[in-house]
């Protein structure tokens, strides 16, 4: 499975962006889809995840501001980011995780840069 992330850009604090992660194959088989981010000089951190059943989870710093969603028909996962803050500046990565008997698949897309100016 190949993942293509898009939607990053430069936005002022308080603004919004929507990231998209398009998969080359079906995401219905993925146990978990997620977004991670990595700021300069920092480790990559989990931002949000969504399960097959659309249960979501968020890191505390984005709760109430970010929303992860999925469209299985389009094989795409989204991250709606509102009320953006300068500390949200990072490269955002899409991830897909699948567990089947005898095999684990962990897939990453290329990053998309999000820059929030103060």
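Numbering (our numbering), first residue to last: 344 to 461.
Note that CB positions come from ideal geometry on N, CA and C, so glycine has one too.
On a Cα-Cα basis, can you pick out the residue from the options that is closest to residue i?
i: residue 348; options: 394, 429, 449, 438; result: 438
i: residue 458; options: 452, 442, 450, 424; result: 424
i: residue 402; options: 379, 364, 374; result: 379
i: residue 431; options: 346, 447, 375, 383; result: 383
i: residue 368; options: 456, 441, 446, 454; result: 441
i: residue 435; options: 344, 391, 372; result: 391
i: residue 410; options: 433, 451, 361, 456; result: 361
i: residue 415; options: 371, 405, 375, 377; result: 371
i: residue 446; options: 393, 374, 396; result: 374
Which word fits residue i, buried or exposed, when buried means at least 16 other C-beta atoms lie within 10 angstroms of its C-beta?
i: residue 389; result: exposed
i: residue 443; result: exposed
i: residue 398; result: exposed
Just checking my contact of residue i with residue j at CB under 8 Å: how many whole Å lie between their CB atoms?
i: residue 427; j: residue 358; result: 5 Å
Among all the DSSP beta bridges, which residues are the ones paired with residue i?
i: residue 413; result: 420
i: residue 392; result: 377, 400
Does any CB atom of chain D fall closer than 9 Å to the CB of residue i?
i: residue 444; result: In the structure shown, chain D does not exist; there is a single protein chain.
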